[in-house]
Amino acid sequence: MKSRTIAAMSVATLALTYVQMRLWLASDWSEAAWTWINARLSDGANPGLASDIELIAAWAGSFVVSLAVVWGVRGLFGGRCIG
Numbered sequence: 334m335k336s337r338t339i340a341a342m343s344v345a346t347l348a349l350t351y352v353q354m355r356l357w358l359a360s361d362w363s364e365a366a367w368t369w370i371n372a373r374l375s376d377g378a379n380p381g382l383a384s385d386i387e388l389i390a391a392w393a394g395s396f397v398v399s400l401a402v403v404w405g406v407r408g409l410f411g412g413r414c415i416g
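With positions in the sequence shown counted from 1, the corresponding number in my numbering is that position plus 333.
What follows is the structure, given as structure tokens:
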């Protein structure tokens, strides 16, 4: 792959991850997930840890989905749509 293609795919992946994270953190599901995690960690005694766990899990999931979408779009167009 050309370096321009790699750069374009990286930017697209990070931008899509950012959008997904913003949507997740603004959703009611995020609050429900945090509450569920917090209730299971020391009976709610460590809310900061629950926030960190939710943030890392959401980022990892968003990043994997973003990679799949970017590589999928690239594959649909025969590798010629990005870069």
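For each residue, glycine too, the CB sits at the ideal point set by N, CA and C.
Can you tell me whether serine 360 is helix, strand or coil according to DSSP?
coil
Closest by CA to isoleucine 386, which one among Trp404, Ala366, Ala401?
Ala366
If you draw a straight line from the alpha carbon of leucine 382 to that of asparagine 371, how long is it in whole angstroms?
8 Å
From serine 375 to glycine 394, what distance separates their C-alpha atoms?
25 Å
If you follow the alpha helix (DSSP H) that leucine 400 is in, where does it begin and where does it stop?
380-409
What does the alpha-carbon distance come out to for the pair threonine 368 and asparagine 379?
11 Å
Looking at phenylalanine 410: is its Cβ nearer than 8 Å to the Cβ of threonine 350?
no
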